[in-house]
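Peer 1: Yeah, the sequence shown ends on 797 if you go by the UniProt record's numbering, and it's all consecutive.
For glycine and all other residues, C-beta sits at the position ideal for the given N, C-alpha and C.
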Amino acid sequence: VGLLNLENEDFVKKVVETTQRKFQDALDSGNCDRIRILMRFLTVMMCSKILQPGSLVVVFETLLSSAATTVDEDKGNPSWQARADFYVTCILSCLPWGGAELIEQVPEEIERVMAGLEAYLSIRRHTSDTGLSFFEEDDESGKGLVEKDFLEDLWHRVQALSSNGWKLDSVPRPHLSFEAQLVSGKSHEFGPISCPEQPDVPTAVSGITHGKQKHDAELKYPQRIRRLNIFPASKSEVDMQPIDRFILEEYLLDVLLFFNGCRKECAFYMVNLPVPFRYEYLMAETIFSQLLLLPQPPFKPIYYTLVIMDLCKALPGAFPAVVAGAVRALFDKIADLDMECRIRFILWFSHHLSNFQFIWPWEEWAYVLDLPKWAPQRVFVQEVLEREVRLSYWDKVKQSIENAPALEELLPPKGGPNFKYSMEDGRERSEEHALSAELTNKVKGRQTAREIIVWVEESVYPIHGLGVTIKVVVQTLLDIGSKSFTHLITVLERYGQVISKICPDHDKQLMLIEEVSLFWKNNTQNAAISIDRMMGYRLISNLAIVRWVFSPENIDQFHASDRPWEVLRNAVSKTYNRICDLRKEIISLKKGVTLAEEAAAKAKAELEAAESKLSLVDGEPVLGGNPARLSRLKLHAEKAKNEEISAKESLEAKEALFARAVEENEALYLSLYRNFSNVLMERLPDASRAGTLQDLKSTHADAMAVDLEEPSAMELDNENGRPKKSQSNGGSSGNVYNIGEKEQWCLSTLGYVKAFSRQYASEIWPHMEKLDAEVLSEDTHPLFRRAVYSGLHRPIN
Numbered sequence: 001v002g003l004l005n006l007e008n009e010d011f012v013k014k015v016v017e018t019t020q021r022k023f024q025d026a027l028d029s030g031n032c033d034r035i036r037i038l039m040r041f042l043t044v045m046m047c048s049k050i051l052q053p054g055s056l057v058v059v060f061e062t063l064l065s066s067a068a069t070t071v072d073e074d075k076g077n078p079s080w081q082a083r084a085d086f087y088v089t090c091i092l093s094c095l096p097w098g099g100a101e102l103i104e105q106v107p108e109e110i111e112r113v114m115a116g117l118e119a120y121l122s123i124r125r126h127t128s129d130t131g132l133s134f135f136e137e138d139d140e141s142g143k144g145l146v147e148k149d150f151l152e153d154l155w156h157r158v159q160a161l162s163s164n165g166w167k168l169d170s171v172p173r174p175h176l177s178f179e180a181q182l183v184s185g186k187s188h189e190f191g192p193i194s195c196p197e198q199p200d201v202p203t204a205v206s207g208i209t210h211g212k213q214k215h216d217a218e219l220k221y222p223q224r225i226r227r228l229n230i231f232p233a234s235k236s237e238v239d240m241q242p243i244d245r246f247i248l249e250e251y252l253l254d255v256l257l258f259f260n261g262c263r264k265e266c267a268f269y270m271v272n273l274p275v276p277f278r279y280e281y282l283m284a285e286t287i288f289s290q291l292l293l294l295p296q297p298p299f300k301p302i303y304y305t306l307v308i309m310d311l312c313k314a315l316p317g318a319f320p321a322v323v324a325g326a327v328r329a330l331f332d333k334i335a336d337l338d339m340e341c342r343i344r345f346i347l348w349f350s351h352h353l354s355n356f357q358f359i360w361p362w363e364e365w366a367y368v369l370d371l372p373k374w375a376p377q378r379v380f381v382q383e384v385l386e387r388e389v390r391l392s393y394w395d396k397v398k399q400s401i402e403n404a405p406a407l408e409e410l411l412p413p414k415g416g417p418n419f420k421y422s423m424e425d426g427r428e429r430s431e432e433h434a435l436s437a438e439l440t441n442k443v444k445g446r447q448t449a450r451e452i453i454v455w456v457e458e459s460v461y462p463i464h465g466l467g468v469t470i471k472v473v474v475q476t477l478l479d480i481g482s483k484s485f486t487h488l489i490t491v492l493e494r495y496g497q498v499i500s501k502i503c504p505d506h507d508k509q510l511m512l513i514e515e516v517s518l519f520w521k522n523n524t525q526n527a528a529i530s531i532d533r534m535m536g537y538r539l540i541s542n543l544a545i546v547r548w549v550f551s552p553e554n555i556d557q558f559h560a561s562d563r564p565w566e567v568l569r570n571a572v573s574k575t576y577n578r579i580c581d582l583r584k585e586i587i588s589l590k591k592g593v594t595l596a597e598e599a600a601a602k603a604k605a606e607l608e609a610a611e612s613k614l615s616l617v618d619g620e621p622v623l624g625g626n627p628a629r630l631s632r633l634k635l636h637a638e639k640a641k642n643e644e645i646s647a648k649e650s651l652e653a654k655e656a657l658f659a660r661a662v663e664e665n666e667a668l669y670l671s672l673y674r675n676f677s678n679v680l681m682e683r684l685p686d687a688s689r690a691g692t693l694q695d696l697k698s699t700h701a702d703a704m705a706v707d708l709e710e711p712s713a714m715e716l717d718n719e720n721g722r723p724k725k726s727q728s729n730g731g732s733s734g735n736v737y738n739i740g741e742k743e744q745w746c747l748s749t750l751g752y753v754k755a756f757s758r759q760y761a762s763e764i765w766p767h768m769e770k771l772d773a774e775v776l777s778e779d780t781h782p783l784f785r786r787a788v789y790s791g792l793h794r795p796i797n
């Protein structure tokens with residue numbers, strides 16, 4: 001663009017004007033990625049003499065002024081500090097690309113900007129990652145309160161760059177090769193911009209209103225990265241100056257952003273960044289930090305899985321060993337890893353191995369069999385193997401662990417459905433067998449749901465009772481639908497009415513879920529799919545699923561299996577998605593109503609204009625123009641009015657559905673948190689003895705207290721990324737887990753409380769007052785309240 005400016009100033013002027021318009025639109029809409037990228041574009045345009053340095057300084061000062069006003073206690077709205085921090089981060093992120101030119105051309109102005117940045121950092125509140133940390137101990141120890149937050153860290157790195165004379169090699173400077181020509185070009189002015197006003201401070205300021213606004217701001221202006229320090233700095237930041245890490249992260253995140261639909265190109269550009277140092281370790285940390293980012297990763301986890309897979313193929317001599325080192329490091333810290341991160345890690349690792357013939361040195365982890373069944377490392381291996389079986393088949397996974405055959409104990413059961421009325425196992429035929437066979441014949445004979453309902457009401461329920469009826473119908477229909485997912489869907493679509501007729505309320509739906517769980521007791525995946533599909537067809541309510549998850553047999557599995565949690569996650573997620581879809585549909589319908597109103601008003605105005613041209617002859621109106629046109633206009637006006645009425649009726653119907661969904665949502669979260677509170681109150685020690693999570697971990701084995709910053713534990717001693725012998729990696733003295741079963745149950749359940757609160761915070765905040773009054777009252781255990789508040793990123797006090 002700079003060289004074009006020498007030949008065609010008018011064209012480049014239009015580029016600058018268009019950029020100004022797009023930048024203002026991005027500010028108004030809060031499009032973070034576009035704001036950040038356009039600010040960098042403005043900076044490099046200034047370097048290429050296209051834009052006047054003073055214009056860029058004005059942009060910086062406009063954003064800085066808005067940020068300072070926002071965090072001002074008197075004039076602003078500190079709840080929206082997330083936006084202010086984002087604006088300042090954008091300014092700081094531009095300086096590596098243009099700081100040298102600005103200090104050379106407008107030294108006084110840029111010093112004024114730097115002073116303004118320093119002043120802002122002195123008045124803003126330090127932000128804590130509490131509730132969003134990868135590791136529980138970071139939340140528990142208050143590490144985020146004493147360490148620099150992301151913006152403070154970036155300011156420190158920019159100051160170091162400034163002290164170094166703005167010299168760095170990680171930012172390409174192509175304009176320097178054409179400096180002699182570029183100086184003769186005309187520098188253009190950048191039009192004025194304005195930042196949107198922050199929302200007003202609520203009239204009744206309370207912890208809930210402040211927290212809700214803070215949550216909304218952080219949702220709209222999220223922190224782009226939270227660093228996951230897997231490797232020691234001696235590996236991840238070798239031969240770098242402080243700002244280089246930030247620049248490299250920007251490159252990697254931008255490549256992930258722009259090539260999120262093109263994984264091959266993404267991997268290609270990630271391994272060919274314009275930097276003079278090796279960065280495999282930092283690349284792995286950055287990708288894993290995005291995969292595990294809380295509350296949500298920017299893209300679906302499958303994207304990062306594919307990128308890691310392609311990077312391993314693109315750098316076969318280096319990256320697989322780095323990934324293996326990252327896996328071992330996270331495995332060593334698995335007991336402290338956030339519960340949501342733990343689930344994502346399990347799903348990623350099992351999927352990753354499935355793309356590499358399930359090859360892994362399982363003998364390194366064979367020692368987990370010596371740990372209690374509730375030890376997080378043992379549970380991790382168990383869940384990874386279970387997910388691998390889903391992605392392949394049992395015998396293949398068993399073959400992959402032949403170097404550690406004892407781990408077969410952790411494989412899921414081998415087998416399909418547990419059909420009670422099967423005739424193949426030589427069981428004695430009973431009346432229930434006969435009923436099941438009769439129902440099977442009716443289904444194969446394509447009898448209608450109505451006919452089968454009549455048969456159940458006349459021949460089954462009156463004679464055998466509810467329990468047998470549910471057992472026979474559910475077991476038989478599931479057996480017919482067990483051959484494939486398509487068979488299941490077909491059975492539920494054709495005969496779902498039969499199930500809904502015999503299970504109309506929560507108590508009977510609870511019996512239904514128990515029967516589904518028994519039928520698929522050897523297949524966790526099919527159990528979860530069947531319950532999920534039944535909820536989709538409204539045969540089972542989310543409240544019934546919550547009741548089933550908190551039944552005694554499931555409660556006992558909370559710390560040792562993901563089976564009940566997967567069902568609960570699916571139920572809450574489906575409810576959440578349903579209300580989100582309704583919101584989108586209502587927004588779309590409102591736009592449709594507005595368009596219909598405008599069209600009806602326009603049609604009416606055209607008709608009135610035509611009718612005004614009628615003239616009176618002998619007291620009767622006579623058309624001076626074309627009568628056919630007036631007839632068409634009347635029909636058009638009637639049609640437009642009918643479409644307006646139809647659009648409004650559709651909107652009203654959808655709003656009624658939404659109101660009902662909000663009520664269901666409130667009932668779901670109240671039920672969920674009541675159940676969490678009840679089971680935790682039964683098992684948590686008295687608050688005077690266990691006021692913190694650390695109190696729960698009475699004695700913690702040294703083997704589980706791995707310090708990732710300690711090079712000895714993380715040192716990779718060969719090209720395969722295998723760790724040197726250490727206790728943390730399963731040495732002879734690493735086979736100890738000194739947290740008791742009851743304590744581990746509490747830790748795991750509290751972890752899930754925080755994970756659910758964080759993931760569905762947007763839907764939980766509107767019901768916070770009711771939750772506070774009915775569940776999070778003063779007599780609630782402080783550890784439970786802290787877990788909920790931490791997930792919502794809400795201060796305890």
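Nearest to residue 116 by alpha carbon, out of 150, 636, 132, 62?
Peer 2: What you label residue 116 is simply residue 116 of the sequence shown in a count that begins at 1. Distances from the CA of residue 116 to each of 150, 636, 132, 62 were compared; the closest alpha carbon is that of 62.
Peer 1: Under a Cβ-count criterion, where at least 16 other Cβ atoms within 10 Å of its own Cβ denotes burial, should residue 278 be classed as buried or exposed?
Peer 2: Within the sequence shown, residue 278 is the residue found at index 278, counting from 1. Exposed: under 16 other Cβ atoms inside 10 Å.
Peer 1: Which same chain residues, not among the five before or five after residue 80, have their C-beta less than 6 Å away from its C-beta?
Peer 2: Your numbering for residue 80 matches position 80 in the sequence shown. Same-chain partners within the cutoff: 70, 198, 217.
Peer 1: Just to check my reading of the structure: residue 811 and residue 516 have Cβ atoms closer than 8 Å, yes? What is that Cβ distance to the nearest angstrom?
Peer 2: Outside the modelled stretch of the chain, which goes from 1 to 797, sits residue 811, for which no answer is possible.
Peer 1: May I ask you to report which of helix, strand or coil DSSP gives residue 188?
Peer 2: As a first step, residue 188 must be located in the sequence shown, where it is residue number 188. Reduced to three states, the DSSP call for residue 188 is strand.
Peer 1: Please determine if the region 210-227 and the region 92-99 are in contact, where contact requires at least 3 C-beta pairs separated by less than 8 Å.
Peer 2: no
Peer 1: Which value, in whole angstroms, describes the spacing of the CA atoms of residue 317 and residue 280?
Peer 2: To locate residue 317, count along the sequence shown from 1; it is residue 317. To locate residue 280, count along the sequence shown from 1; it is residue 280. Residue 317 and residue 280: Cα-Cα distance of roughly 11 Å.
Peer 1: Could you name the residues that DSSP lists as bridge partners for residue 135?
Peer 2: Looking up residue 135 in the sequence shown gives position 135. Paired residues: 337.
Peer 1: Do the region 151-160 and the region 23-30 touch if we need at least three Cβ pairs shorter than 8 Å?
Peer 2: no
Peer 1: How many angstroms separate the CA atom of residue 375 from the CA atom of residue 195?
Peer 2: The residue you call residue 375 lines up with position 375 of the sequence shown. The residue you call residue 195 lines up with position 195 of the sequence shown. Cα-Cα distance, rounded: 52 Å.
Peer 1: Residues in the same chain with beta-carbon distance under 7 Å from residue 763, minus the five sequence neighbours each way, listed in chain order, please.
Peer 2: Sequence index remark: in the sequence shown, residue 763 carries index 763 (1-based). If we look at residue 763 and ignore the five residues flanking it on each side, its Cβ neighbours are 576, 579, 665.
Peer 1: Taking 8 Å as the threshold, find out whether the region 682-692 comes into contact with the region 768-788 through three or more Cβ pairs.
Peer 2: Flag = yes, the region 682-692 and the region 768-788 touch.
Peer 1: Within the present structure, is the beta-carbon of residue 519 separated from the nearest heavy atom of the ligand ZN by less than 8 Å?
Peer 2: In terms of ligand content, the structure shown is empty, and the ligand ZN therefore cannot be addressed.
Peer 1: Does the Cβ of residue 728 have 16 or more other Cβ atoms within 10 Å, making it buried, or fewer, making it exposed?
Peer 2: Along the sequence shown, one-based indexing puts residue 728 at 728. In this prediction, residue 728 has a pLDDT of 37, which is less than 50 and means its spatial position is unreliable; what the coordinates show is noted afterwards. The residue is buried, with at least 16 neighbouring Cβ atoms inside 10 Å.
Peer 1: What number of angstroms, rounded off, separates the C-alpha of residue 45 from the C-alpha of residue 1?
Peer 2: Taking the sequence shown and counting its residues from 1, the one referred to as residue 45 is at position 45. Taking the sequence shown and counting its residues from 1, the one referred to as residue 1 is at position 1. Each residue's alpha carbon lies about 8 Å from the other.
Peer 1: Spell out a yes or no on whether the region 581-594 and the region 665-676 are touching, meaning 3 or more CB-CB pairs, one atom from each, closer than 8 Å.
Peer 2: no
Peer 1: Between residue 271 and residue 219, which are expected to be in contact by the criterion C-beta below 8 Å, what is the C-beta distance as a whole number of angstroms?
Peer 2: Within the sequence shown, residue 271 is the residue found at index 271, counting from 1. Within the sequence shown, residue 219 is the residue found at index 219, counting from 1. Residue 271 to residue 219, Cβ: 33 Å. No contact.
Peer 1: To which residues of the same chain is residue 644 closer than 6 Å at the C-beta, ignoring the five residues directly before and after it?
Peer 2: Looking up residue 644 in the sequence shown gives position 644. Excluding residues within five positions, the ones whose Cβ falls inside 6 Å are 596, 597, 600.
Peer 1: How close, in whole Å, do the beta carbons of residue 369 and residue 432 come, if the pair is a contact with beta carbons under 8 Å?
Peer 2: If you number the sequence shown from 1, residue 369 lands on position 369. If you number the sequence shown from 1, residue 432 lands on position 432. About 40 Å; that fails the 8 Å criterion.
Peer 1: Which residues mark the beginning and the end of the alpha helix (DSSP H) in which residue 793 is found?
Peer 2: By one-based count along the sequence shown, residue 793 stands at place 793. No alpha helix (DSSP H) holds residue 793; DSSP gives it neither H nor E.
Peer 1: Pick out the complete alpha helix (DSSP H) segments inside the region 466-549, 4 residues or longer, and give them in chain order.
Peer 2: 485-502, 506-519, 524-536, 542-549
Peer 1: Exposed or buried, what is residue 83 when buried is set at 16 or more other beta-carbons lying within 10 Å of its beta-carbon?
Peer 2: As a first step, residue 83 must be located in the sequence shown, where it is residue number 83. Per the 10 Å Cβ criterion, buried.
Peer 1: Alpha helix (DSSP H) containing residue 657: first to last residue?
Peer 2: Here residue 657 refers to the residue found at position 657 when the sequence shown is read from its first residue. It spans 627-683 - the alpha helix (DSSP H) in which residue 657 sits, taken as one unbroken run.
Peer 1: Expressed to the nearest angstrom, what Euclidean distance is found between the alpha-carbon atoms of residue 19 and residue 231?
Peer 2: Numbered from its first residue, the sequence shown carries residue 19 at position 19. Numbered from its first residue, the sequence shown carries residue 231 at position 231. Roughly 40 Å between the two C-alpha positions.
Peer 1: Can you look up residue 51 in the DSSP assignment and give me helix, strand or coil?
Peer 2: In the sequence shown, counting from the first residue as 1, residue 51 sits at position 51. DSSP places residue 51 in strand when its eight states are reduced to three.
Peer 1: Could you tell me the alpha carbon to alpha carbon distance between residue 379 and residue 364, rounded to whole angstroms?
Peer 2: Locating residue 379 in the sequence shown gives position 379, counting from the first residue. Locating residue 364 in the sequence shown gives position 364, counting from the first residue. Near 16 Å, if we compare the C-alpha coordinates of residue 364 and residue 379.
Peer 1: I need the boundaries of the alpha helix (DSSP H) containing residue 307, first residue and last residue.
Peer 2: Here residue 307 corresponds to residue number 307 of the sequence shown, with the count starting at 1. Run containing residue 307: 301-314, per the alpha helix (DSSP H) assignment.
Peer 1: Quick check on residue 262: buried or exposed, where buried means 16 or more other Cβ atoms within 10 Å of its Cβ?
Peer 2: Counting from 1 along the sequence shown, the entry for residue 262 is found at position 262. Exposed.
Peer 1: On the CB-based measure, 16 or more other CB atoms within 10 Å of its CB, does residue 180 come out buried or exposed?
Peer 2: Locating residue 180 in the sequence shown gives position 180, where the first residue counts as 1. With fewer than 16 other Cβ atoms within 10 Å, it is exposed.
Peer 1: Pick from 42, 551, 51, 36: whose alpha carbon is nearest that of residue 9?
Peer 2: For the purposes of this step, residue 9 is taken as residue 9 along the sequence shown, with counting starting at 1. Selected option, being the one with the closest Cα: 51.
Peer 1: Taking the alpha-carbon positions, what's the residue 548 to residue 514 distance?
Peer 2: As a first step, residue 548 must be located in the sequence shown, where it is residue number 548. As a first step, residue 514 must be located in the sequence shown, where it is residue number 514. Spanning the two alpha carbons is a distance of roughly 7 Å.
Peer 1: Quick one: using the 10 Å Cβ neighbour count with 16 as the cut-off for buried, is residue 473 buried or exposed?
Peer 2: As a first step, residue 473 is located in the sequence shown; it is residue number 473 there, counting from the start. By the 10 Å Cβ count, residue 473 comes out buried.
Peer 1: List the endpoints of the continuous alpha helix (DSSP H) containing residue 362.
Peer 2: As a working mapping, residue 362 is identified with position 362 in the sequence shown. Per DSSP, residue 362 belongs to no alpha helix (DSSP H) and is neither H nor E.
Peer 1: Between the alpha carbons of residue 736 and residue 366, how many angstroms are there, rounded?
Peer 2: What you label residue 736 is simply residue 736 of the sequence shown in a count that begins at 1. What you label residue 366 is simply residue 366 of the sequence shown in a count that begins at 1. Those two C-alpha atoms are separated by around 13 Å.
Peer 1: By Cβ distance below 6 Å, which residues in the same chain neighbour residue 793 in space, the five residues on each side in sequence not counted?
Peer 2: Here the question's residue 793 lines up with position 793 in the sequence shown. Around residue 793: 131.
Peer 1: I'd like the list of long-range same chain contacts for residue 739, defined as Cβ closer than 6 Å, with 5 residues on each side in sequence excluded.
Peer 2: Counting from one through the sequence shown, the residue named residue 739 turns up at place 739. Cβ within range, chain order: 697.
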